[in-house]
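First the structure, in the form of structure tokens, and then the observations on it.
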Amino acid sequence: MTLQNVLVERDGLIAVVTVNRPQKLNALDDQTIAELTQCFGELSADDRVGAIVLTGAGEKAFIAGADIGVLSKQGVLDGRENARRGQALTLRIEESPKPVLAAINGFALGGGLEMALACDVRFCSPNARLGLPEVSLGIIPGYGGTQRLPRLIGSGLALQMILTGDPVSADEALRIGLVNGVLPQPELLTGVKAIAAKMIARGPQAVALAKQAARRGLQMSMRDGLELEADLFGIISSTAEMKEGMAAFLEKRKPSWLRG
Ligand code: COA
Numbered sequence: 033m034t035l036q037n038v039l040v041e042r043d044g045l046i047a048v049v050t051v052n053r054p055q056k057l058n059a060l061d062d063q064t065i066a067e068l069t070q071c072f073g074e075l076s077a078d079d080r081v082g083a084i085v086l087t088g089a090g091e092k093a094f095i096a097g098a099d100i101g102v103l104s105k106q107g108v109l110d111g112r113e114n115a116r117r118g119q120a121l122t123l124r125i126e127e128s129p130k131p132v133l134a135a136i137n138g139f140a141l142g143g144g145l146e147m148a149l150a151c152d153v154r155f156c157s158p159n160a161r162l163g164l165p166e167v168s169l170g171i172i173p174g175y176g177g178t179q180r181l182p183r184l185i186g187s188g189l190a191l192q193m194i195l196t197g198d199p200v201s202a203d204e205a206l207r208i209g210l211v212n213g214v215l216p217q218p219e220l221l222t223g224v225k226a227i228a229a230k231m232i233a234r235g236p237q238a239v240a241l242a243k244q245a246a247r248r249g250l251q252m253s254m255r256d257g258l259e260l261e262a263d264l265f266g267i268i269s270s271t272a273e274m275k276e277g278m279a280a281f282l283e284k285r286k287p288s289w290l291r292g
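Take the sequence shown: its letters are residues 33 to 292, numbered as in this note's numbering.
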């Protein structure tokens, strides 16, 4: 598929995925969802990618939601299919073996916040407004917002956001743990890339397995999660990567990781 609404740029081992429909505040229509799904599939399988940054074009919006023009025409079956397609994209982001970082450069509303919620970490600019305004439109969040927001910030605050539809400011998002940090707009992308670079400097298999342990563990009981952690700890202990990491420490040098 030729990309029309999504840009992919490489900066060393960092891939920056930019939703590029600024005239519609980067709203997600079917084409954009399909392109993002393809991009995350390809980048997740690419050995030359160490981390993925998701952002929006321009200085006004990260993603202002699912495209309301499309939503307004849907019925029962295509409504369900639409939700399934959006959810599949969020799962592709969440289950990527690479760290995925959201650089929220403005409005992150509805499907936009839902994409950010699927990322591993979120940073935003001071002008960002983050919310799930779906009930204001007479619908409910359909790309995972009802599930991921309560898990991230707790049910009380999440239900307040979901049931009022009111967005929060960048400062409020930071206070409630919805974002990890607020960075000035001109420094947002470089700041997020610097965090990505730290993750890339660590053992790539260790990073992938640590993400997997935390991500899958959140859906398990503590006992099952601990068992998963022990299994993955066993797997990482069999790798050349572990030998290199330990040897580099003992020899007082930087580790040299193998990718692929
Ligand atoms: N779907 C489709 N188009 C959207 C959109 C969306 N989610 N969000 C913004 N746009 C479009 C607007 O229709 C407008 O297009 P036009 O110039 O062809 O009329 C363009 O993007 C610019 O938006 P505009 O509303 O003029 O900007 P604003 O600065 O006045 O307001 C927002 C910004 C984000 C407050 C406002 O656009 C908004 O409320 N968007 C909808 C957010 C939402 O409810 N998202 C969840 C959907 S489930």
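Glycine is no exception: its CB is placed at the ideal position from the N, C-alpha and C atoms.
Residue interval of the alpha helix (DSSP H) (run including residue i)
i	result
Phe62	Reading the sequence as shown, one finds Asp at residue 62 and not Phe. Note, Asp62: alpha helix (DSSP H), Asp62 to Ser76.
Val132	No alpha helix (DSSP H) holds Val132; the beta strand (DSSP E) holding it covers Val132 to Ile136.
Val85	Element bounds for Val85: not the alpha helix (DSSP H) but the beta strand (DSSP E), Ala83 to Gly88.
Ile208	Taken as a continuous stretch (DSSP letters only), Ile208 belongs to no alpha helix (DSSP H), as it is neither H nor E.
Glu232	Here residue 232 is Ile; the residue named in the question, Glu, does not match the sequence. Per DSSP, Ile232 belongs to the alpha helix (DSSP H) from Gln217 to Ala233.
Arg248	Pro236 to Gly249
Ala280	Ala272 to Leu282
Ala190	Ser187 to Thr196
Ile100	Ile100 to Leu103
Ala93	No alpha helix (DSSP H) holds Ala93; the beta strand (DSSP E) holding it covers Ala93 to Ile95.
Backbone CA spacing between residue i and residue j [nearest angstrom]
i	j	result
Gln55	Tyr175	22 Å
Ala23	Leu221	The question about residue 23 has no answer, for the chain in this structure spans 33 to 292.
Ala242	Ala228	15 Å
Arg291	Leu250	27 Å
Arg124	Thr64	15 Å
Gly197	Val167	6 Å
Leu60	Ser157	21 Å
Ile185	Glu283	42 Å
Gly118	Met254	29 Å
Ala148	Ala272	34 Å
Gln244	Pro236	12 Å
Ala238	Gly101	43 Å
Ala240	Ile232	11 Å
Thr122	Lys275	34 Å
Lys225	Ala66	25 Å
Ala160	Ala279	44 Å
Met193	Ser288	45 Å
Ser269	Cys151	27 Å
Pro165	Ser187	17 Å
Val169	Val49	Inspection of the sequence shows that residue 169 is occupied by Leu rather than by Val. Going from the Cα of Leu169 to the Cα of Val49 covers about 28 Å.
Gln179	Phe281	41 Å
Phe155	Gly82	18 Å
Gly259	Arg53	Reading off the sequence, residue 259 comes out as Glu, not Gly. Rounded to the nearest angstrom, the two C-alpha atoms are 44 Å apart.
Residue i - containing beta strand (DSSP E), residue span
i	result
Asp23	For residue 23 there is no data in the structure shown, the boundaries of the chain being 33 and 292.
Arg294	A question about residue 294 goes unanswered here, because the residues of the chain that appear run from 33 up to 292.
Leu141	Phe139 to Leu141
Val51	Ile46 to Val51
Arg154	Val153 to Cys156
At least three beta-carbon pairs within less than 8 Å, the stretch 195-207 to the stretch 114-123
no
With a threshold of 8 Å, are at least 3 pairs of Cβ atoms found where one atom belongs to the stretch 166-175 and the other to the stretch 206-221?
no
For the stretch 92-102 against the stretch 34-46, do three or more pairs of beta-carbon atoms, one drawn from each stretch, fall closer than 8 Å, so that the two count as touching?
no
So, does the stretch 127-141 touch the stretch 99-106, judging by three or more C-beta pairs under 8 Å?
In the pairwise beta carbon analysis, the stretch 127-141 is classified as not touching the stretch 99-106: fewer than three pairs are separated by under 8 Å.
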